[in-house]
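Visitor: Dropping a structure here in structure tokens format, bear with me for questions.
Residue numbers (the working numbering): 9 to 525.
Right, here's the structure in full:
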């Protein structure tokens, strides 16, 4: 996103905001009432605006973790009347988001979400029957039993990915996005045409980028003052409106086009060799004369689109963090390669059936998931009723934000939490289940837990095993042959990723290179 637009995303609306503040302040005076219980502790806010200007924009998970040392594991901040409950420990998260899920499973209402035409996304629907119908349809095709049926697709695309990495030095980020985008296009829609998928993957990246940068709490003023969406486009500082409108156009195209193309293609079933979500959904639509046909088709279209959009960014980010970990820890890389060679003999690529015999590779993936938390602040839930929690008052419609990063870096749970140590998950050469599995925090909580986690848990270890079986991952070198220091920095979006870094990914030997032929 260019710097001009980023400036436009900031606080450039003193007149409009002043009017909205006046309206909100008057409304709060009329509707507020004293509560017997105190709110959770938190930083002192300003009159009317509360903590609006205190909300951290850069790596908020670190800021909230620091605040927790002063305010405790349950904190409260207020942005123009919107209460935000930040939970910094696993017991607090489980108590409020799991055990009390019936009251804390809603989603907040973001204006930017509306402007991006994302109301079809069931992950962000209000908690209720419409959400249940969509989630149930999704779960049918990506549950723990169904996820492995897509592994033949992953095998095919992973080989192409490895060949691209060998051929295109310096294109790790681009090739990784293409790999996961293609896998998810095939899983969602059954499409293996490269040029067709390329355009849709680019569209998906454009939509997801807009979602990620505009949904961080406090970043977009229009989410605090929805009336700002009606400011004329010609008004100075409205580049953000164009940014969102372009995203909405792409989003509508992305939701409809691949679905209807797949529906037409499925008229000839012989063209689809592998299973896909859309194939299963369309087979269950029934007769077009059925009065519920249109509703079922809407669900099928929505769920297929979310299957593609929701997984591409998270799996990309996780893989980039795995490669970064191998760069920083060559001894871990060598140990994994030794384990893989013992299983494959060093003369073939791993296959999915090998994964049960690669516990160290699995431990690497678990540790990367913990060490670099892809969604460090999760996705906020919203409470639907007033309630009491640990002696505090939790107002209705409070956003409930789990600090997943803090949970996965808690020294009471993980020894040396800032160190990369896959061995923490192993005992006697096997996965040690007494250590908290990072998936408990990495995939969300309660009834909003990530429904695509089973596919992710299958794809990431397999991809890493294949990469390490044939490649050495090393720091890049300058023109004089000196290693370039590895500098890692990350974004501050809802789903975070390492910013582009340099590395060399080369075949371990000519023998290993031949495995990609």
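Yeah, the Cβ is synthetic: ideal placement off N, Cα and C, and Gly gets one too.
Small disclaimer: the values here were computed from a predicted structure and weren't measured.
Cβ of residue 190 within 7 Å of Cβ of residue 165?
Guide: Closer than 7 Å, so yes.
Visitor: Extract the residue ranges of the beta strand (DSSP E) inside the stretch 386-417, only unbroken runs of 3 or more that lie entirely within it.
Guide: 395-397, 400-402, 407-410, all fully within the stretch 386-417.
Visitor: Look at the alpha carbon of residue 290 and the alpha carbon of residue 423, and state the distance between them as a whole number of angstroms.
Guide: Spanning the two alpha carbons is a distance of roughly 49 Å.
Visitor: Which value, in whole angstroms, describes the spacing of the CA atoms of residue 2 and residue 216?
Guide: Nothing can be reported for residue 2: it is not among the residues displayed for the chain, which extend from 9 to 525.
Visitor: On a Cα-Cα basis, can you pick out the residue from 251, 491, 208 that is closest to residue 228?
Guide: When each option's Cα is compared against that of residue 228, the closest is 251.
Visitor: Taking DSSP's pairing of strands, which residues face residue 87 in a bridge?
Guide: Its beta-bridge partners are 58, 90.
Visitor: Just to confirm, is the Cβ distance from residue 168 to residue 282 under 7 Å?
Guide: No, these two residues do not count as a Cβ contact at 7 Å.
Visitor: According to DSSP, is residue 177 part of a helix, a strand, or is it coil?
Guide: Correct three-state label for residue 177: coil.
Visitor: Run through the DSSP bridge pairs and tell me what residue 498 is partnered with.
Guide: Answer is 506.
Visitor: For residue 483, which option in 271, 413, 519, 513 has the closest C-alpha, if you only look at C-alpha atoms?
Guide: Nearest of 271, 413, 519, 513 to residue 483, Cα basis: 513.
Visitor: What does the alpha-carbon distance come out to for the pair residue 344 and residue 295?
Guide: Taking the straight line joining both Cα atoms gives about 52 Å.
Visitor: If I follow the unbroken alpha helix (DSSP H) through residue 235, where does it start and stop?
Guide: Note, residue 235: premise wrong, no alpha helix (DSSP H); not H, not E.
Visitor: Please say whether residue 369 and residue 450 have beta carbons closer to each other than 7 Å?
Guide: It is not a contact, given that the beta carbons lie outside the stated cut-off.
Visitor: Can you give the Cα-Cα distance for residue 458 and residue 465, rounded to whole angstroms?
Guide: Between residue 458 and residue 465, the C-alpha separation is close to 11 Å.
Visitor: For residue 105, collect the residues of the same chain with a Cβ closer than 7 Å to its Cβ; drop the 5 residues on either side in sequence, then sort them by chain order.
Guide: Closer than 7 Å at Cβ, skipping near neighbours: 112, 389, 408, 410, 453, 454.
Visitor: Spell out the partners DSSP gives residue 82 in its beta bridges.
Guide: DSSP output for residue 82 lists 95 as bridge partner(s).
Visitor: Alpha carbon to alpha carbon, how far is residue 237 from residue 435?
Guide: Each residue's Cα considered, the two are about 55 Å apart.
Visitor: What do you reckon, are the CB atoms on residue 192 and residue 100 nearer than 7 Å?
Guide: Going by C-beta atoms, residue 192 is not nearer than 7 Å to residue 100.
Visitor: Under the rule that 16 or more other beta-carbon atoms within 10 Å means buried, what is residue 68, buried or exposed?
Guide: Counting Cβ neighbours within 10 Å, residue 68 comes out buried, since at least 16 surround it.
Visitor: Within 10 Å of its beta-carbon, does residue 36 have 16 or more other beta-carbons around it, so buried, or fewer, so exposed?
Guide: Reliability fails at residue 36, whose pLDDT of 49 lies under 50, so the model's placement of it is uncertain and the value that follows must be treated cautiously. Label assigned to residue 36: exposed.
Visitor: Do the stretch 118-127 and the stretch 81-100 make contact, defined as three or more Cβ pairs closer than 8 Å?
Guide: These segments do not touch.
Visitor: Are the beta-carbon atoms of residue 51 and residue 59 separated by less than 7 Å?
Guide: It is a contact, given that the beta carbons lie within the stated cut-off.
Visitor: Grab me the residues of residue 500's own chain with a C-beta within less than 8 Å of its C-beta, minus the 5 sequence neighbours each way, in chain order.
Guide: Counting only Cβ-Cβ distances below 8 Å, and skipping sequence neighbours, we find 65, 66, 67, 68, 224.
Visitor: Alpha carbons only, please: which of 109, 49, 89, 103 is nearest the one belonging to residue 393?
Guide: For the residues 109, 49, 89, 103, the minimum Cα distance to residue 393 belongs to 109.
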